[in-house]
Amino acid sequence: MKLFQKIFPSLVITTVASLAAFSLRADPVFCCTGSATADTGYTANTDASTAGGWTGSSTYASTAAGDTQTSGGRFCQGGAVADTKPWFQLVFPAVANAGGTYILYGTRGSDASVNTDAIMNISAVANCTVSASTTTFFQKNQATLNGWKAICNVTLNAGQTVPTIKFTYHSGTLTASTRLVSQGYKLEAVTPCSLTATVDIDDTTGPFDNTTTSVGVKNISASATKVTVYKYNGTSSTQLGANTYAGGSTPSSASVSVSSLAKGDIIFATQTVSGQEGCKKEQGITGVSYTAGSGAPNKMRFCIGLRNTSTAAAPLGFNGGGTGTIYLLGANGGGAVSQSSAPTGIPAKNIITAGRGWQTLSFINGTDPCYNFTAGSAASSVPGNAGAGGSSWAVLEGLYIVPDDPTDTGEYKVYIDNIKNGSAVLQDFEGGTVNSGLTFSQPSFSGTTSPNLLGSAGGNIIPNLAVVTTSNPDVGSKCDFLNWQFNATASTVWLRLTTSGANGTPNPSVDVSQPVTIRVLVLPAGVSSAALNISQPANKTITVAAADSVTITATDSSGGSSALAYQWKKNGVSINAGNAGDLTGYNSATLSFTSPVSADAGSYSCAVTDTVTGTGAGTYTSECNQFVVSANKANQTISFGSLPNKNYGDPPFNVSATASSGLSVSFSLDDTPPASILGNTITLTGPGTVSVRAKQLGNADYNAATDVVQSFTVFALNPPNVSSNVAPHLSAKISVAPLLAACSNPQSYPLSLSTGSSSSQGGAVSSDANYIYYSPPAGNLASDTIAYSVSNGHGGLASAAITINFIAPGGLAQSIAYAAGGVSVTFAGIPGQGYDVQRADDSNFTVNPVTLLTTNAPAAGIFSITDPSPPNPTGFYRTKQN
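Numbers 2 to 883, taken from the working numbering, label the letters of the sequence shown in order.
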């Protein structure tokens with residue numbers, strides 16, 4: 002909010018008939034009559050119309066002692082011409098001391114919107130001379146607000162009592178926000194100490210309290226040989242410290258070491274030039290001074306300002322704008338918004354007493370007291386968005402803080418964290434940059450209360466801070482730190498800490514149908530940390546099935562007997578026996594993931610409660626910021642042993658494998674094998690190679706395992722299909738050994754052969770371990786078939802067939818001839834067939850049977866034998882297949 006400076010009109014003229022030598026504050030004469038033209042100046046003591054860049058007066062008045070005016074004066078915000086305009090003249094009434102030396106003083110009531118670089122020329126127009134040609138008095142922080150500041154010495158010409166002095170613009174930037182302001186002036190007779198120019202306490206070197214060890218002094222003369230800092234108790238001054246110099250090149254500002262500062266001490270400084278020290282407080286007017294505070298006020302009062310705008314709206318934190326009626330929530334009075342309109346009627350729940358634990362401010366619309374701060378009138382509640390048909394959204398305009406003890410200037414230190422609207426977090430400061438502002442502007446940002454503050458000219462500098470810090474957070478690793486000091490002791494001083502112009506979330510919208518809560522920490526004197534501090538766990542990655550843990554460190558610094566209690570939370574919900582899963586230690590400093598699963602991933606935090614007895618007794622709480630736990634899937638392996646080779650014809654069989662995860666393993670067959678699989682059962686469909694693939698595809702907790710493939714070979718017995726030629730009507734004996742030798746038998750199992758009892762044509766069939774025996778059926782057959790099977794005794798069984806071909810001898814004659822050497826017998830047989838040639842004494846071959854020859858029939862089928870000792874008188878010869 003922009004403030005217009007009060008400019009003084011014609012003031013009461015006070016004269017003194019006689020002036021004692023070196024009397025203090027003698028002959029005060031206030032300005033004055035004046036002269037000006039329409040385009041170059043203004044009359045200093047009348048409410049003139051706008052002319053030459055000077056603008057009409059406001060109602061903002063200085064309260065400088067001796068000045069009773071309430072309106073008048075001017076400011077300039079443009080149209081300046083160097084060494085030409087604007088300008089004005091001070092025409093004083095007659096002073097008491099003709100030809101005497103006087104000090105010219107000036108005053109103004111506020112530095113809001115005042116320039117920082119203007120320089121004005123000073124010249125004597127009539128009846129006097131002046132000690133300076135230029136002045137910086139019109140710059141911000143150069144005047145003594147609501148008090149008098151020396152500008153220069155004025156020496157009247159001999160016999161003269163009515164001086165006229167002119168000020169003319171020389172340089173500087175003049176705009177609507179950096180104005181040249183002229184208000185009130187007076188002359189006072191010179192005393193010895195007043196011959197030395199005043200110096201000022203530099204408020205940017207505060208705070209000033211019982212912890213202060215040095216005080217900054219500014220506007221020091223280059224000729225000064227000593228700068229002294231004093232404290233004033235209302236009656237007398239006591240030196241706190243001093244710097245000495247050679248003079249001639251003394252710095253314009255300096256830091257002076259001090260001691261023994263206490264609440265209520267008024268700090269001021271003097272300089273010594275040419276052997277003359279400037280005036281002390283008890284001697285008269287000095288430069289800018291400040292009142293020291295306790296260093297840690299014990300109590301302060303809080304309320305919030307809610308702005309009824311037409312643009313406030315969801316979502317929470319939306320920039321709802323900086324215009325509209327301001328309502329105080331949590332106060333019921335204070336007048337209309339102004340520097341001195343400190344909110345009143347703040348309920349006890351929002352009066353915070355310093356302590357080592359975090360406390361909660363709560364503001365409930367419709368329940369807590371409410372006040373129309375803009376109008377300075379009573380209100381029952383904050384109405385919400387005026388432009389949205391009764392919307393419940395408004396702007397959180399600021400946090401308003403009132404000292405409980407207005408005689409204590411501070412310094413004030415407040416930590417803020419976890420601002421909520423209902424259950425939603427508006428600001429937890431975790432996203433802020435350390436030592437930078439967020440949500441709130443620095444204390445001096447508001448022009449309403451900046452005149453109440455020490456160091457109000459600075460930005461975020463001590464004691465004018467609103468910055469993110471890692472010290473003493475309530476929840477998480479960061480919070481906001483506020484630091485300021487009041488520059489005066491009065492029941493009207495207060496702080497308006499605004500969200501306007503702030504980083505991050507300026508003018509944040511809030512739902513006034515929901516409570517607004519703010520966590521605050523106000524530490525007692527001599528204490529720099531909360532009773533309970535906790536560590537901030539980092540984000541963590543766990544692996545499924547691999548035990549892990551996270552630990553929070555809680556430190557109690559209360560000095561008493563501490564009992565710590567822990568409550569871990571996942572996704573904002575307290576962990577307990579009903580929802581813990583594999584988590585243990587959720588009520589201890591260490592949370593353990595005993596057998597992690599992917600569902601353990603989430604956001605975690607730990608709330609710690611510190612119950613202290615004895616010294617620092619109390620219950621303190623703190624909660625770490627949520628940190629993220631991510632879960633990596635675990636790897637797994639498959640154990641799948643080798644598979645034995647099989648014979649075709651073996652029965653279906655099962656395969657098995659296990660995964661290290663304990664998950665089930667599935668099976669499939671690669672390529673196009675001579676087998677099929679259902680589940681884990683394999684059925685062989687032929688000979689060849691079978692490759693079995695074991696798979697485990699993983700799940701939410703485990704990655705897929707690497708497939709394992711095991712192969713085996715299916716062998717067939719493959720007994721041969723053979724043929725045998727037999728003469729018609731003859732029996733056959735077929736050897737088993739060649740048939741078994743022709744089978745496939747890599748395992749070298751013992752093989753056995755079996756047949757049925759008849760051939761396909763009804764012939765008689767039998768077998769033993771060595772032979773298959775065949776007798777043809779009656780009739781003339783071309784062929785017959787004998788089926789046989791081979792078994793390996795391990796489930797392998799295969800069948801084949803022997804084809805019997807009946808082949809006649811082909812018409813070759815058989816003969817018996819007598820010779821000198823015996824009897825020669827010729828036979829016709831099946832080519833290649835083996836025969837035994839037998840002889841006996843009877844046709845049934847039962848009397849003296851003997852085998853004369855074993856041979857294979859040659860290709861022509863005819864072979865002969867000579868019996869050298871044929872039986873006498875009769876012998877019988879025959880062939881028998883073998």
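Glycine is no exception: its CB is placed at the ideal position from the N, C-alpha and C atoms. Just so we're clear, the structure is a prediction, and the values are computed from it rather than from any experiment.
| message | Suppose the cutoff is 8 Å on Cβ atoms and the five residues either side in sequence are ignored; what does the same chain contact list for proline 832 look like? | response | Asn726, Ala858, Pro859, Ala860, Ala861, Gly862
| said: When you compare the stretch 296–305 with the stretch 354–361, are there three or more beta-carbon pairs, one atom per stretch, that lie closer than 8 Å? | reply: yes
| query | So, isoleucine 327 versus asparagine 351, is the Cβ gap smaller than 9 Å? | reply | no
| request: Tell me whether leucine 679 is buried or exposed, calling it buried when 16 or more other Cβ atoms sit within 10 Å of its Cβ. | output: exposed
| message | Out of Gly411, Tyr775, Ser589, which one is the CA nearest neighbour of leucine 483? | response | Gly411
| Alpha carbon of threonine 145 to alpha carbon of valine 289, nearest angstrom | 6 Å
| Comparing alpha-carbon positions, which option in Asn333, Pro509, Gly336 lies nearest valine 396? | Pro509
| task | Could you check the C-alpha separation between glycine 248 and threonine 271 for me, to the nearest Å? | result | 15 Å
| Other residues of its chain near threonine 332: CB distance less than 7 Å, five sequence neighbours each side excluded | Position check: residue 332 holds alanine in this sequence, whereas threonine was assumed. Once the five neighbours on either side are set aside, the close Cβ partners of alanine 332 are Cys304, Pro344, Thr345, Gly346, Ile347, Pro370, Tyr372.
| field | Among Ala66, Ser393, Ser530, Thr490, nearest to serine 311 - alpha-carbon criterion | value | Ser393
| said: Rounding to the nearest angstrom, what Cα-Cα distance links alanine 190 and asparagine 154 in this structure? | reply: 10 Å
| task | In angstroms with no decimal places, state the Cα-to-Cα distance between threonine 106 and asparagine 244. | result | In the sequence as presented, threonine is not what sits at residue 106; that position holds tyrosine. The alpha-carbon atoms of tyrosine 106 and asparagine 244 are separated by roughly 27 Å.
| message | Assuming valine 517 and leucine 317 are in contact, meaning their beta carbons sit under 8 Å apart, how far apart are those beta carbons, in whole angstroms? | response | Between leucine 317 and valine 517 the Cβ distance is about 11 Å, and since that is not below 8 Å, they are no contact.
| task | Kindly indicate the opening and closing residues of the alpha helix (DSSP H) around valine 738. | result | Residue identity check: residue 738 is alanine in the sequence provided, not valine. Where alanine 738 is concerned, the enclosing alpha helix (DSSP H) stretches over 737–742.
| query | Can you name the start and end residues of the beta strand (DSSP E) that cysteine 625 belongs to? | reply | Premise fails: cysteine 625 is in no beta strand (DSSP E) and is neither H nor E.
| said: Out of Ala717, Thr229, Glu283, which one is the CA nearest neighbour of valine 259? | reply: Thr229
| field | Alpha-carbon spacing of tyrosine 836 relative to alanine 743, whole angstroms | value | 23 Å
| Contacting residues, own chain, Cβ-Cβ under 6 Å from aspartate 611 (five flanking each side not counted) | Leu533, Asp557, Ser563, Leu565, Tyr621
| For aspartate 769: DSSP bridge partner residues | In DSSP, aspartate 769 forms no bridge with anything.
| said: Alpha carbons only, please: which of Ile420, Gly448, Gly276 is nearest the one belonging to valine 338? | reply: Gly448
| task | Would you list, in sequence order, the uninterrupted beta strand (DSSP E) runs of no fewer than 3 residues that lie entirely inside the stretch 293–340? | result | 300–309, 326–330
| request: Just confirm the distance between the C-beta atoms of aspartate 405 and methionine 301, as a whole number of angstroms; I'd bet it's less than 8 Å. | output: 6 Å
| task | Taking glutamate 398 as part of the beta strand (DSSP E), name the residues at either end of that continuous run. | result | 394–404
| said: Once the 5 residues before and after serine 712 are set aside, which same chain residues still bring their CB inside 8 Å of it? | reply: Leu644, Thr690, Val691, Ser692, Val693
| query | Which word fits proline 653, buried or exposed, when buried means at least 16 other C-beta atoms lie within 10 angstroms of its C-beta? | reply | exposed
| request: Taking isoleucine 202 as the reference, give the member of Thr880, Ile805, Asn142, Gly265 with the closest Cα. | output: Asn142
| Any idea if leucine 718 is buried or exposed, counting beta-carbon neighbours within 10 angstroms, 16 or more meaning buried? | buried
| Should proline 751 go down as buried or exposed, given a rule of 16 or more other Cβ atoms within 10 Å for buried? | exposed
| said: Counting C-beta neighbours from all protein chains within 10 Å, is the total for threonine 239 16 or more, i.e. buried, or is it exposed? | reply: exposed
| request: Identify which residue in Ala223, Val513, Gly619 has its Cα closest to the Cα of glycine 367. | output: Val513
| Delimiting residues of the beta strand (DSSP E) encompassing cysteine 607 | 603–614
| query | Heavy atom of the ligand NAP less than 8 Å from the Cβ of isoleucine 104, yes or no? | reply | Summarising the ligand content, the structure contains no ligands, and the ligand NAP is consequently not present.
| query | What is the C-beta distance between asparagine 116 and threonine 214, in whole angstroms, given that I count them as a contact (C-beta under 8 Å)? | reply | At roughly 34 Å, the Cβ-Cβ gap does not stay under 8 Å, so asparagine 116 and threonine 214 are not in contact.
| Taking Cβ to Cβ, would you say asparagine 122 is nearer than 9 Å to threonine 135? | yes
| said: Tell me the residue span of the beta strand (DSSP E) that contains arginine 840. | reply: 835–841
| Chain-order list of residues whose beta-carbon lies under 8 Å from that of asparagine 633 (same chain, five-residue window excluded) | Thr542, Ile543, Thr544, Val545
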